[in-house]
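Here is the structure we will look at.
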Amino acid sequence: MNTFCSLPWIHLATHPDGGVTLCCISDHTNAMSRSKNIDPLEYKNLNNDSIQDIMNSDYFKKTRLEMLNGEIPEACKRCFAEEKNGIRSKRIEENEKFLFSDDLARAITSDDGAIPVNFKFVELRLGNLCNLKCRTCNPVSSTQWIKPHNEMKKDLSFVTNYETKINSNWTENDEFWQDLFEHSNDLELIYINGGEPTLVEKHWVYLEELIRRGYNKQITLWYNINMTQVPDKLIDLWKQFKKVQLTCSIDDLYERNDYIRTGSSWSIIESNLEKVRKIPWLNTSICQTVSWLNVYYVDDFVGYMNDKGLHTHLNFVYDPKFLSVQVLPNVLKNKVLEKSKNLNDWQLNSIASQFTSEDKSDLFAKGIQYNNWLDKKSCSNFQDIFPDWFKILNEQVESFTKS
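As numbered in our numbering, residues 151 to 553 make up the sequence shown, in order.
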């Protein structure tokens, strides 16, 4: 059986706290897929360790040897489960995209699984510095969530106890950026996320160095930003690269977006959206994070973006589970599907598959309680912002206004 995936050889998948995993969808349960030495157990981290040490940790070396021996690494089972169900997995897509074969991997892999590190794909989650406090987010990805999360834990026993002391110093460390540059000779793709990456100007120096060495002509940049700011200097850097993909994180329209993405201003987001739409070489699309809060309005949102010539990718909430669309009772799921019938087949099927994949309606009361807590703390009101959806919810869920 061929279980080879190119990513453990050519990819750096960072996390806000400086941890590094095999990839973004490998199993992160109990830090399973994190770079680490095994005996004694020592987790590797960009705040303290070199890229060479991280990529050639005991765990990463063991994973490479498992793949070359036709074994399925424990943390990689998701891809193989998807393939068994006829789904094109991340493993298949990345193998095709980067054209790095198992023969090439064998040629550079030592008997113990160590490799010379030279990336084709770098994924930078630049810490948790952010200027928004989105309702579907948490302290791991936003500094704005640290204080309210610590308060919330005292009142709501069921919320996840996230680590709030995230060390993102690696994003400001000159040594890290120089280390990364030394392993960027063959780089083809850089994915940049946050937090909010436009706030971390230190990474601009890395882009400038790639340009100075001429590597920019072979590299595609892919950004995911919240559209609260689009600095002109960053645009000037972008235009010097082979290709730039910009994914705009926007969750709804008008005051609904500002409610879900606390701290945002629709007028600013709309202005910045028009700004990037006018740049012909910029490949701009939308990523809408879909929870039970906004799923009723997905068709309105997608129609608005379609009118602007922008494709919308639907990103469904899985954590916290009680904000997932799966918590809706069946009668409400049917209301959503009825309203969403004008979506294209892919988008409608995406929603429908969420509704049928798992029933989590027992968690809905927790989601209501969670959202009501945030309303009280922010002096906001779901009923005022989502009146049509509120009316339906209130008619069908006896506990909706009582939780």
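Here a beta-carbon is modelled for each residue, glycine too, at the ideal position from N, C-alpha and C.
| query | result |
| --- | --- |
| In three-state DSSP terms, what is K481? | Just to set this straight, residue 481 is Val in the shown sequence, not Lys. It is helical. |
| Looking only at its chain, what residues have a beta carbon closer than 6 Å to the beta carbon of I288, apart from the 5 residues adjacent to it on each side? | Rather than Ile, the amino acid found at residue 288 in this sequence is Asn. Excluding residues within five positions, the ones whose Cβ falls inside 6 Å are W295 and Y312. |
| Please classify P470 as buried or exposed, where buried requires at least 16 other C-beta atoms within 10 Å of its C-beta. | buried |
| Measuring only the C-alpha atoms, how far is D262 from L215? | 8 Å |
| Return the chain-ordered list of same chain residues with a C-beta closer than 8 Å to the C-beta of I242, the five sequence neighbours on each side being excluded. | C229 and E233 |
| Count the other C-beta atoms from every protein chain shown that fall within 10 angstroms of the C-beta of I410, then say buried if there are 16 or more, exposed otherwise. | buried |
| State yes or no: is the C-beta of Y447 within less than 9 Å of the C-beta of F536? | yes |
| My assumption, with CB atoms under 8 Å, is that D525 sits in contact with F532. Please give the rounded CB distance. | 6 Å |
| Based on Cα-Cα distance, which residue from S239, S318 and V547 lies nearest to P347? | S318 |
| So what's Y209 in DSSP terms, helix, strand or just coil? | helix |
| Quick one: Cα of Q497 to Cα of Q368, how far? | 33 Å |
| Rounded to the nearest angstrom, what separates L493 and K458 at their Cα positions? | 16 Å |
| Quick one, which of N245, D495, K270 and E424 has its alpha-carbon nearest L136's? | With the chain running from 151 to 553 in the structure shown, residue 136 is simply not present. |
| Comparing C-alpha positions only, which one of I160, G344, E338 and T293 sits nearest to S251? | I160 |
| Just to confirm the assignment, what range does the beta strand (DSSP E) spanning R275 have? | F271 to R275 |
| For T378 versus I436, is the C-beta distance shorter than 9 Å? | no |
| Hey, which unbroken runs of the alpha helix (DSSP H) at 4 residues or more fall wholly within the segment 208-269? | 208-218, 227-234, 240-248 and 252-258 |
| Let's test the definition: count the other Cβ atoms within 10 Å of the Cβ of Y373 and tell me whether it reaches 16, buried, or not, exposed. | buried |
| Looking at the structure shown, is N335 part of a helix, part of a strand, or coil, going by DSSP? | coil |
| Here's the rule: buried if 16 or more other CB atoms are within 10 angstroms of the residue's CB, otherwise exposed. What is Q476? | buried |
| Do you know offhand how far Q546's Cα is from S490's? | 19 Å |
| CA-CA distance, N522 and N407? | 17 Å |
| Tell me the DSSP bridge mates of N197? | Note: N197 sits in no beta bridge, so no partner. |
| Can you tell me which of L443, N444, T412 and V380 puts its alpha carbon nearest to the alpha carbon of R427? | V380 |
| Between K383 and L357, what straight-line distance do the alpha-carbon atoms span, to the nearest angstrom? | 11 Å |
| So if DSSP puts F466 in a beta bridge, which residue, or which two residues, is it bridged to? | V440 |
| Just how far apart, CA to CA, sit K352 and E192? | 28 Å |
| Using CA coordinates, which residue listed in K194, I222 and T412 is at the minimum distance from P298? | T412 |
| As an exercise, report each continuous alpha helix (DSSP H) stretch of at least 4 residues that is fully enclosed by the segment 407-457, in chain order. | 416-427 and 448-457 |
| Can you tell me whether Y520 is helix, strand or coil according to DSSP? | helix |
| Would E273 be called buried (16 or more neighbouring beta carbons within 10 Å of its own) or exposed? | buried |
| Helix, strand or coil, according to DSSP, for Y341 in the structure here? | strand |
| Around the Cβ of S260, are there at least 16 other Cβ atoms within 10 angstroms (buried) or fewer (exposed)? | exposed |
| According to DSSP, is R601 part of a helix, a strand, or is it coil? | Lying before the first or after the last residue shown, residue 601 is absent from the chain, which here runs from 151 to 553. |
| My output table needs one value for L124: the three-state DSSP class, helix, strand or coil. | Residue coverage of the chain in this structure runs from 151 to 553, which leaves residue 124 outside it and unanswerable. |
| Compute the Euclidean distance between the alpha carbons of T164 and P479, then round it to the nearest angstrom. | 37 Å |
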